[in-house]
Amino acid sequence: MTSYYYGWKIVAALFVILLFSSGFGFYNHAVMLQALIVDKALPITVASTAVSIFFLSSGLIGLAVSSAIEKYDVRYVITAGAAIAAVSLCGIAYVETPWQLFICYSLFGVGWCASGLLPATTLVTRWFEHKRAVALSVTSTGLSVGGVLITPISALLIEHRGIEFSVAIFAAIYFLGTVPVCWWLLKDDPGDIGLTADGHKLDPSDIQAVKGQTLASAMTGRYFWGLSVAYIFLMLAQVGGIAHHYGIVGTYLSTDQAAIALGVIPVASIIGRLAGGYLLGYFSSKLFSIAMMILQSMSLASLASASTVPVFIISLALFGITIGNLLMLQPLLIAETFGRREYSRIYSVSNFMSTLGVAAGPILMGVVYTQFDSYEGAYHVASLAGLLGLLIFLFAIFPNKRGHQA
């Protein structure tokens, strides 16, 4: 093994890329949703639907993106995605009708998919095997750091300059924060520099086929379907809770306090994810997943019924811990079980299924909020969805004929 493995430079580059791509394309939806309601005078159901369309389009395009990643240098894919995302963000400034908003958000979802978690987790899977959990935890921490840095600043910028000015700034930062580091540090495969995964020297006379299952093989087992369906409900709870948390924060805190409180979830996500990467060296990934699912359901229920500000803040922090880890665990569980042979295809299909929950979360919680004029019922629904995801996952990890173990 080389003294310093280049894979860690890949991790550093992906950290920065996710900081910007997911900072604007994941955590920032809560701020954008409120701005669309206030500045564009759009109903909460329309704004929530736009967020859902964003995630649905990102899931639908996933198979095409995974095919592109297998055929072309991943840097081309990320660059194209960043360009599409930047253009769509600029377009939001000119939105006047719901259908225009939906077009912009659907394109934004396409760009985010191509420049976000799918190429990032695919690269980590290619470059790491034994330290994959640590590499994934560090890489995906960029997502949370993006939430810490970008979300509060975005909220203040929109508050003082409005959404039409702000989205142009967001677009420029997204592109410039993603593309240069992509071309500076990323490499498509360790074989490109004469290495195997984890940094061992590649022996040209001993090239072996990439280990792992095909998509067709993975889809014949109960585990793939159980994990994917469980994540439909887990992501419904997670993304619905994130999309509306700026609104629920506003019920407890002033505007300035709320802008600061928006950093609670991302900070907790950073701490939780890094701790999770460490703990996964000692505990089963499946056991750790169960713990995070339980904590997600409990924290959402606590947000729904919190009666004091301290309880509310603690609940936000606990929810944040689960966000970072559950996002990391899906690709980790897939890579551990099915290998890297067709990882991008398997992950894209599983991720598409979970996107159904991602898309439904903001809409469902928006509808419940509109019906009861309160976030209490909406967050109880999210808590129940997370609980259902846990039960499905437990069913999936029972030993079956293929020998999968819990």
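Under this note's numbering, the very last position in the sequence shown is 1211; numbers go up by exactly one each time.
Ideal Cβ positions, reconstructed from N, Cα and C, are used throughout, including at glycine.
**Request:** Please specify which runs of the alpha helix (DSSP H), each continuous and at least 4 residues long, are wholly inside the stretch 883-968, giving them in chain order.
**Result:** 903-919, 922-932 and 937-966
**Request:** Could you tell me the distance, in whole angstroms, from the CA atom of leucine 1105 to the CA atom of valine 1054?
**Result:** 13 Å
**Request:** Please report the residue range of the alpha helix (DSSP H) in which aspartate 844 lies.
**Result:** 834-844
**Item:** Three CB pairs or more closer than 8 Å across the stretch 1090-1102 and the stretch 1154-1172
**Value:** no
**Message:** Just to confirm, is the Cβ distance from threonine 956 to proline 1071 under 8 Å?
**Reply:** yes
**Item:** Residue environment, glutamine 905, which counts as buried when at least 16 other CB atoms sit within 10 Å
**Value:** exposed
**Message:** Rounded to whole angstroms, what is the Cα-Cα separation between valine 856 and histidine 1005?
**Reply:** 43 Å
**Request:** Could you tell me if leucine 1195 is buried or exposed, where buried requires 16 or more neighbouring beta carbons within 10 angstroms of its beta carbon?
**Result:** buried
**Item:** DSSP three-state assignment for glycine 1055, whether helix, strand or coil
**Value:** helix
**Request:** Give the range of the alpha helix (DSSP H) segment to which glutamine 1101 is assigned.
**Result:** 1090-1110
**Asked** Where does phenylalanine 1198 sit, in a helix, a strand or coil, going by DSSP?
**Response** helix
**Request:** Out of Tyr899, Ile998, Gly1144 and Phe1198, state which residue places its alpha-carbon closest to the alpha-carbon of serine 1238.
**Result:** Because the chain here runs from 806 to 1211, residue 1238 falls outside it and cannot be looked at.
**Asked** With 16 as the cutoff for other CB atoms within 10 Å, does tyrosine 1184 come out buried or exposed?
**Response** That one is buried.
**Prompt:** Quick one, are the C-beta atoms of glycine 1052 and proline 1167 less than 8 Å apart?
**Reply:** Not a contact, by the Cβ cut-off of 8 Å.
**Request:** Compare the beta carbon distance of serine 1155 and serine 1033 with 8 Å and say whether it is the shorter of the two.
**Result:** yes
**Residues near aspartate 993 in its chain [Cβ-Cβ closer than 6 Å; skip 5 each side]** = Asp878 and Val879
**Message:** So, under 8 Å CB-CB, tryptophan 932 and isoleucine 815 are touching, yes? Tell me the CB distance rounded to an integer number of Å.
**Reply:** 5 Å
**Asked** Helix, strand or coil: how does DSSP classify lysine 992 here?
**Response** coil
**Item:** glycine 1068 in three-state terms, based on DSSP
**Value:** coil
**Asked** For tyrosine 1152, which residues of its own chain have a beta-carbon under 6 Å away from its beta-carbon, when the five flanking residues on both sides are left out?
**Response** Here the set comprises Pro1136 and Ile1139.
**Request:** Taking only the alpha-carbon atoms, compute the straight-line gap between aspartate 1011 and leucine 923 and give it to the nearest angstrom.
**Result:** Low per-residue confidence applies at aspartate 1011: pLDDT is 49, beneath 50, and the placement is therefore not dependable, though the value from the model is reported in the following sentence. Computed Cα separation, rounded: 30 Å.
**Asked** Taking Cβ positions only, does glycine 867 come closer than 8 Å to chain D?
**Response** The structure shown contains no chain D, having only a single protein chain.
**Asked** Apart from the five residues just before and just after valine 984, which ones in its own chain have a Cβ nearer than 6 Å to its Cβ?
**Response** Thr884 and Ala887
**Message:** Assuming contact is defined by CB atoms lying nearer than 8 Å, are tyrosine 899 and phenylalanine 859 in contact in what I supplied?
**Reply:** no
**Request:** Could you tell me the boundaries of the alpha helix (DSSP H) in which glutamate 875 lies?
**Result:** First-last of the alpha helix (DSSP H) with glutamate 875: 867-876.
**Request:** Can you give me the Cβ contacts of leucine 1085 inside the same chain, cut-off strictly under 7 Å, excluding the 5 residues immediately before and after it?
**Result:** Only Ala938 and Phe1093 meet the Cβ criterion.
**Asked** Where does tyrosine 1083 land, buried or exposed, given buried means 16+ other C-beta within 10 angstroms?
**Response** An exposed status is given to tyrosine 1083, since fewer than 16 other beta-carbon atoms sit within 10 Å of its beta-carbon.
**Message:** Do methionine 1133 and glycine 1068 have their beta-carbon atoms positioned less than 8 Å apart in this structure?
**Reply:** No, they are not a contact pair.
**Option in Gln1018, Glu1141, Val953 and Phe820 with minimal Cα separation from glutamate 1147** = Of the listed residues, the one whose Cα sits closest to glutamate 1147 is Gln1018.
**Prompt:** Thinking just about the alpha-carbon of each residue, which of Leu991, Ile968 and Thr926 is nearest to the one in serine 871?
**Reply:** Thr926
**Item:** C-beta atoms of serine 1102 and leucine 990 nearer than 8 Å
**Value:** no
**Asked** Distance, Cα to Cα, tryptophan 1030 vs glycine 999?
**Response** 36 Å
**Message:** Buried or exposed for glutamine 1043, going by 16 or more other Cβ atoms inside 10 Å?
**Reply:** By the neighbour-count rule (16 or more Cβ atoms within 10 Å), glutamine 1043 is buried.
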